[in-house]
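First the structure, in the form of structure tokens, and then the observations on it.
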Amino acid sequence: MALPKKRMRKITVGTTRYAWRVKGGDEGLHLSVIPLKQQQYLLTGGFGYHSVVTGTSIAADGQTMTHLKPTLVITGFIVRQVIIYALNAGWLSDANKRILHVGAMDDEVSFHK
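Residue 54 in the numbering used here sits at position 39 of the sequence shown, and the numbers go up by one each step.
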């Protein structure tokens with residue numbers, strides 16, 4: 016289940032090196048992680064968009080538009096927590112859990128150090 020290596024970041028958790036990537040979609044941010052030496056394993060999880068209101072304006076048709084600024088950036092700090100969460104759920108220790116979808120991680124990780 017190897018992922019393309021282009022635009023992937025690297026992180027070490029314990030003694031294992033991982034590659035990870037985040038993509039944005041309509042539903043939110045989607046995280047994919049693979050261990051570099053066991054690429055048959057895949058971890059996926061997601062995050063909702065977190066944003067703050069930066070202002071409002073009135074469109075030509077009279078509708079009020081709200082302007083938002085995204086505030087969530089997926090960093091190595093967050094990815095490390097997701098990997099630890101997955102390892103505690105049995106990922107990499109169970110050959111039957113090669114692909115683990117941990118779902119929405121917004122309530123499972125801390126966004127600030």
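Even for Gly, the Cβ is constructed at its ideal location relative to N, Cα and C. A quick note: this is a predicted structure, and the numbers were derived from the prediction, not measured.
So, using beta-carbon positions, are residue i and residue j closer together than 9 Å?
i	j	result
LEU51	ALA34	yes
LEU107	LEU44	no
Got a sec? Which residues, its chain only, sit under 7 Å from residue i by beta carbon, not counting five neighbours each side?
i	result
THR79	THR71, ILE73
ILE93	VAL124, PHE126
By a C-beta neighbour count over all protein chains shown, 10 Å radius and 16 as the cutoff for buried, is residue i buried or exposed?
i	result
ILE114	exposed
LEU83	exposed
VAL37	buried
GLY60	buried
VAL68	exposed
Got a sec? Which residues, its chain only, sit under 6 Å from residue i by beta carbon, not counting five neighbours each side?
i	result
GLY63	GLY43, ASP121
HIS116	THR59
GLY91	ILE26
ALA119	GLY61
GLY105	LYS112
What residues in its chain sit with their C-beta under 8 Å from that of residue i, if we drop five residues either side in the sequence?
i	result
PRO85	TYR64, HIS65, SER66
LYS128	PHE92
LEU129	The shown model of the chain, from 16 to 128, leaves out residue 129, and the question about it has no answer.
ARG22	ARG36
ARG95	ILE26, VAL28
Any beta carbon of chain D sitting closer than 9 Å to that of residue i?
i	result
GLY77	Considering every chain present, this structure includes no chain D. It has just one protein chain.
With a threshold of 8 Å, are at least 3 pairs of Cβ atoms found where one atom belongs to the stretch 26 to 46 and the other to the stretch 97 to 104? Taking a cut-off of 8 Å on C-beta distances, the stretch 26 to 46 touches the stretch 97 to 104, as three or more cross pairs fall below it.
Runs of 3 residues minimum, wholly inside the stretch 73 to 115: which ones carry the beta strand (DSSP E) assignment? Within the stretch 73 to 115, the complete beta strand (DSSP E) runs of at least 3 residues fall at 79 to 85.
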